[in-house]
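Q: I'd like to ask some things about the structure below.
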Amino acid sequence: MSNINALKIENLSIAFGGLKAVDDLSFHINVGEIYGLIGPNGAGKTTVFNCITQFYHPTRGIVNFKTSSGEVMDLVGQKTHNIIKMGLVRTFQNVELIKDLNLLDNILVGAHIHFKTGLFSNAFKLPNARKEEEKFAQKATKILEFLGIADKKLELAGGQPYGVLKKVELGRTLMSDPTLIVLDEPAAGLNDTETLELAHLIKQIREAYQCSILLVEHDMRLVMDICDRICAISFGKKLAEGIPEQIQESADVQEAYLGKKE
Amino acid sequence: MKKIIFSRYTKYILLGVVLALMPTIQQMGFIRSATITTFGTIIFYAVVAIGLNVLLGYSGLISLGTAGFMGLGAYLSTFLTENLGLPFFVSILLAVIVPTLAGILVGLISLRTQGMVLAIATLAVAEVFRIKFTQWDAFTGGFSGARAEFPTFFGFEFDRDMTFVFLTVLLVLLMIITDNYIHSSVGRAFLTMRVSEAAAQAMGINLLKYKLMAFALATAYAALGGALYAHFIRFSFPDSWNLGLSLQIVAVIVIGGLKTIMGPIVGSIIVFGVPAIILSRLPVIGDVDGLAFIFNGVLIIIVVLFYPNGLVHIATDVKKLFRKKRTEV
């Protein structure tokens, strides 16, 4: 593993009105690491996410990201839709898939940035458009096989169980050849078996697709199980950072979650 | 692969063949001559509705300016052929390109807004067009209207039946082209945008680019529909291009089926065909003023309440029902 960080956040701050949602937060993710961001409700986890992926533009701070081409670049101020081109892709808490399309087409959405042909070539099904569609359909099929849902390839996304939809959303991110995948509460809405399966899948993704993973999660078991390192935040500030055992033992973290000991 | 392509286009081609045979059937005396005119109307409104479906159905954006852009296409094509004597296919091309450019300009400004505000913004643009149509006599003939001719190709003049077949061919081509790009990365981008703008951005979809593209496409189809109107009906009158027409086009896709290619033609037959061919011939109620609007209004309520996916799905749903019954037995 290389010494360059996959992602390095320095002094990140954002305020909404007078409220400091994220306050001077710094952490880094090593290449190939599964990194967890935890905190009680309202701690600012999702805000941190949105600041990294440029859905929000932070008031202060640097978000240095190692792009797919290997160079390090500050993402702050970049256009939201350009972030994925650099190799950073995210998922959403409430799976945002297209119900009227089949699973294959839903996965293909993830390759949007790789499609070179435009409206005209596709309207007339020119050879280059047809070839391109076929190429990515093959890639998408491989991903569906990797996820173990290739048999449902041509079924509509609407009506699929939640576990399958979560997999498809993960698969969609893989189409963009990411170096860092940012998962927003991947275990939300899953039962225990599905969560276990997901934990296994996230590890598999790291091995097979050689990427780093950052996840925000409420499910402590999942976080403790798969994360190499964890950062716990509360009210936008860092409480503790370290390997899962250190976090579990941290008095600050226990206090933030359970309240002060009498 | 060939089989898949073949089966995907079959329904459009079949529809085209049936429509194209209508003038012959009429000459044999099975249907009335006026029915051909009605079906011509159905076709060019279907063209407009397919365009609006790209915008409203697939991309989830609303526009109430459809009629304004139709009018612009109609007057432009009339003016270019009648006053400037340009060949038909050059005028119709210009009658699509110029309104589309105007549409992109309107889109650049109005697409910063969403939902209701976008609806009002596009309505305002269409109203400006409509008022200009009544005032700009040299271009539109003002209240006395503008007269155009049936299309002429290289000195060969079409009659009504040939124009009808020409409309049919255009409709089928447009359906195939639309089907093609809707089932490509472009169509997927539209649909993703409709589900969630945030998800679209995360997938690298440039919202402004694709919103503009959808808007430009809807404008182009509307302008083409307008130009076809001008050369089939051969008369355009400023008051035709009002909000009522824009809403009727919305009714066409809601009744026919959002997010489908066949929906607009089904909806167009119901919205524009049924009142003219069936309702107006009924005794007593046939003479009621605005019967078509009452019919459409009631139908929209029924469809939205009981069949929100649109009537185009009736065939497949009936098939499913039969299959279920068979397995149950």
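Top to bottom, those sequences are chains A and B. Just so we're aligned, residue 1 is where the first sequence starts under our numbering, counting upward by one. Just so we're aligned, residue 1001 is where the second sequence starts under our numbering, counting upward by one. The beta carbon of each residue, even a glycine, is placed where N, CA and C say it ideally should be.
Buried or exposed: which applies to A:A187, given that a residue is buried once 16 or more other Cβ atoms fall within 10 Å of its Cβ?
A: The residue you call residue 187 of chain A lines up with position 187 of the first sequence. Buried, because 16 or more other Cβ atoms sit within 10 Å of the Cβ of A:A187.
Q: For B:L1108, which option in B:M1116, B:V1096, B:A1121 and B:L1305 has the closest C-alpha, if you only look at C-alpha atoms?
A: By one-based count along the second sequence, residue 1108 of chain B stands at place 108. Selected option, being the one with the closest Cα: B:A1121.
Q: Could you tell me whether any Cβ in chain B is nearer than 8 Å to the Cβ of A:H57?
A: Here residue 57 of chain A refers to the residue found at position 57 of the first sequence. So no, A:H57 is outside the interface.
Q: Would DSSP call A:H81 helix, strand or coil?
A: Position 81 of the first sequence, counting from 1, holds the residue named residue 81 of chain A. Residue state, collapsed to three classes: helix.
Q: If I'm right that B:Y1009 touches B:I1177 with Cβ under 8 Å, what's the distance once you round it to whole angstroms?
A: Counted from its first residue, the second sequence places residue 1009 of chain B at position 9. Counted from its first residue, the second sequence places residue 1177 of chain B at position 177. So it is not a contact: roughly 11 Å between Cβ atoms.
Q: Under a CB-based cut-off of 8 Å, is A:K167 close to chain B?
A: Counting from one through the first sequence, the residue named residue 167 of chain A turns up at place 167. By this cut-off, A:K167 is not an interface position.
Q: Any contact between the stretch 95 to 107 of chain A and the stretch 192 to 209 of chain A? By contact I mean 3 or more CB pairs, one from each, below 8 Å.
A: The answer is no - the stretch 192 to 209 of chain A does not touch the stretch 95 to 107 of chain A, with fewer than three Cβ pairs under 8 Å.
Q: Quick check: B:L1055 and B:A1218, are their CB atoms within less than 8 Å of each other?
A: The residue you call residue 1055 of chain B lines up with position 55 of the second sequence. The residue you call residue 1218 of chain B lines up with position 218 of the second sequence. Contact: yes.
Q: A:N102 bridges to which residues according to DSSP?
A: Indexing the first sequence from 1 puts residue 102 of chain A at position 102. Answer by DSSP bridge pairing, in chain order: A:L156.
Q: Between which residues of its own chain and B:T1038 is the CB-CB distance below 8 Å, once the five residues before and five after are set aside?
A: For the purposes of this step, residue 1038 of chain B is identified with residue 38 of the second sequence, where counting begins at 1. The residues are F1272, G1273, A1276 and I1277.
Q: Kindly indicate the opening and closing residues of the beta strand (DSSP E) around A:K116.
A: As a working note, residue 116 of chain A is residue 116 in the first sequence. Per DSSP, A:K116 belongs to no beta strand (DSSP E) and is neither H nor E.
Q: So is A:S2 buried or exposed if we call it buried at 16+ other beta carbons inside 10 Å?
A: Your numbering for residue 2 of chain A matches position 2 in the first sequence. Because the pLDDT at A:S2 is just 48, under 50, the model does not fix this residue reliably, and the value given afterwards should be weighed accordingly. Label assigned to A:S2: exposed.
Q: Check whether the Cβ of B:A1189 lies closer than 8 Å to any Cβ atom in chain A.
A: Taking the second sequence and counting its residues from 1, the one referred to as residue 1189 of chain B is at position 189. Chain A contact via Cβ: present.
Q: Applying a beta-carbon distance threshold of less than 8 Å, which residues of chain B neighbour A:F65?
A: Reading the first sequence from its first residue, position 65 is the one you call residue 65 of chain A. Ordered by position in chain B, no residue passes the 8 Å Cβ test against A:F65, which lies about 15 Å from the chain.
Q: Can you give the beta carbon distance from A:K33 to A:A6, rounded, assuming they're within the 8 Å contact cut?
A: Counting from 1 along the first sequence, the entry for residue 33 of chain A is found at position 33. Counting from 1 along the first sequence, the entry for residue 6 of chain A is found at position 6. The sequence shown places Glu at residue 33 of chain A, rather than the Lys named in the question. Indeed they touch by this definition, with Cβ atoms about 7 Å apart.
Q: Under 8 Å between C-beta atoms, does A:K85 make it to chain B?
A: As a position in the first sequence, residue 85 of chain A is number 85, starting the count at 1. With 8 Å as the cut-off, A:K85 counts as an interface residue toward chain B.
Q: Which residue's Cα is closest to the Cα of A:K238: A:G17, A:G18, A:G44 and A:I29?
A: Locating residue 238 of chain A in the first sequence gives position 238, where the first residue counts as 1. The candidate whose alpha carbon is nearest that of A:K238 is A:G44.
Q: Which whole-angstrom value describes the C-beta separation of A:D252 and A:Y35, a residue pair presumed to lie in contact below a C-beta threshold of 8 Å?
A: Numbered from 1 along the first sequence, position 252 holds the residue referred to as residue 252 of chain A. Numbered from 1 along the first sequence, position 35 holds the residue referred to as residue 35 of chain A. Their Cβ separation, rounded to whole angstroms, is 19 Å, which puts A:D252 and A:Y35 out of contact at 8 Å.
Q: By DSSP, does A:E134 sit in helix, in strand, or in coil?
A: Residue numbering aside, residue 134 of chain A sits at position 134 when the first sequence is read from its first letter. Reduced to three states, the DSSP call for A:E134 is helix.
Q: Is there contact between the stretch 138 to 157 of chain A and the stretch 172 to 188 of chain A, where contact requires at least three CB pairs shorter than 8 Å?
A: Yes, the stretch 138 to 157 of chain A touches the stretch 172 to 188 of chain A.
Q: For B:T1316, count neighbouring Cβ atoms within 10 angstroms of its own Cβ and tell me buried if that reaches 16, exposed if not.
A: Residue mapping note: residue 1316 of chain B aligns to position 316 of the second sequence, counting from 1. So B:T1316 counts as exposed.
Q: Since I believe B:G1057 is in contact with B:I1253 (beta carbons under 8 Å), could you give me their beta-carbon distance rounded to a whole number of angstroms?
A: Your numbering for residue 1253 of chain B matches position 253 in the second sequence. Your numbering for residue 1057 of chain B matches position 57 in the second sequence. B:I1253 to B:G1057, Cβ: 6 Å. Contact.
Q: A:G17: buried (16+ other C-beta within 10 angstroms of its C-beta) or exposed?
A: On the first sequence, residue 17 of chain A is found 17 positions in, with the first residue counted as 1. Counting Cβ neighbours within 10 Å, A:G17 comes out exposed, since fewer than 16 surround it.
Q: With three or more beta-carbon pairs closer than 8 Å as the criterion, would you say the stretch 1223 to 1236 of chain B touches the stretch 1285 to 1294 of chain B?
A: Taking 8 Å as the limit for Cβ pairs, the verdict is that the stretch 1285 to 1294 of chain B does not touch the stretch 1223 to 1236 of chain B.
Q: Does the beta carbon of A:A157 come closer than 8 Å to any beta carbon on chain B?
A: Position 157 of the first sequence, counted from the start, is the residue given in the question as residue 157 of chain A. Chain B, which has no Cβ nearer than 8 Å to the Cβ of A:A157, makes this no.
Q: Just to confirm the assignment: which complete alpha helix (DSSP H) runs, minimum length 4, are found wholly within the stretch 1232 to 1296 of chain B?
A: Qualifying alpha helix (DSSP H) stretches, in chain order: 1243 to 1256, 1263 to 1268 and 1274 to 1277.
Q: How long is the line joining the alpha carbons of B:N1296 and B:F1166, rounded to whole angstroms?
A: Taking the second sequence and counting its residues from 1, one reaches residue 1296 of chain B at position 296. Taking the second sequence and counting its residues from 1, one reaches residue 1166 of chain B at position 166. About 28 Å.
Q: Spell out whether any CB of chain A is found under 8 Å from the CB atom of B:V1096.
A: Counting from one through the second sequence, the residue named residue 1096 of chain B turns up at place 96. Chain A contact via Cβ: absent.
Q: Once the 5 residues before and after A:S68 are set aside, which same chain residues still bring their CB inside 6 Å of it?
A: Counting from one through the first sequence, the residue named residue 68 of chain A turns up at place 68. So the list reads G87 and T179, once near-sequence residues are dropped.
Q: Buried or exposed for A:E255, going by 16 or more other Cβ atoms inside 10 Å?
A: Here residue 255 of chain A is taken as the residue at index 255 of the first sequence, counted from 1. The residue in question, A:E255, is exposed, as its Cβ has fewer than 16 Cβ neighbours within 10 Å.
Q: Would you call the CB atoms of A:T53 and A:I83 closer than 8 Å?
A: Here residue 53 of chain A refers to the residue found at position 53 when the first sequence is read from its first residue. Here residue 83 of chain A refers to the residue found at position 83 when the first sequence is read from its first residue. Cβ atoms of A:T53 and A:I83: closer than 8 Å.
Q: Under the assumption that A:L97 contacts A:L154 (Cβ atoms under 8 Å), give the Cβ distance between them as a whole number of angstroms.
A: In the first sequence, the residue the question calls residue 97 of chain A occupies position 97. In the first sequence, the residue the question calls residue 154 of chain A occupies position 154. Actually they do not touch by this definition, with Cβ atoms about 15 Å apart.
Q: How far does the beta strand (DSSP E) with A:D192 in it extend, from its first residue to its last?
A: Indexing the first sequence from 1 puts residue 192 of chain A at position 192. Here A:D192 belongs to no beta strand (DSSP E); instead the alpha helix (DSSP H) covers D192 to Y209.
Q: Kindly indicate the opening and closing residues of the alpha helix (DSSP H) around A:G189.
A: Taking the first residue of the first sequence as position 1, residue 189 of chain A is located at position 189. Per DSSP, A:G189 belongs to no alpha helix (DSSP H) and is neither H nor E.
Q: Taking 8 Å as the cut-off, does the stretch 114 to 128 of chain A touch the stretch 1180 to 1191 of chain B (at least 3 CB pairs, one atom from each stretch)?
A: Verdict: yes, contact present.
Q: Just to confirm before moving on: does the CB-CB distance between B:Q1027 and B:T1035 stay below 8 Å?
A: Residue numbering aside, residue 1027 of chain B sits at position 27 when the second sequence is read from its first letter. Residue numbering aside, residue 1035 of chain B sits at position 35 when the second sequence is read from its first letter. No, these two residues do not count as a Cβ contact at 8 Å.
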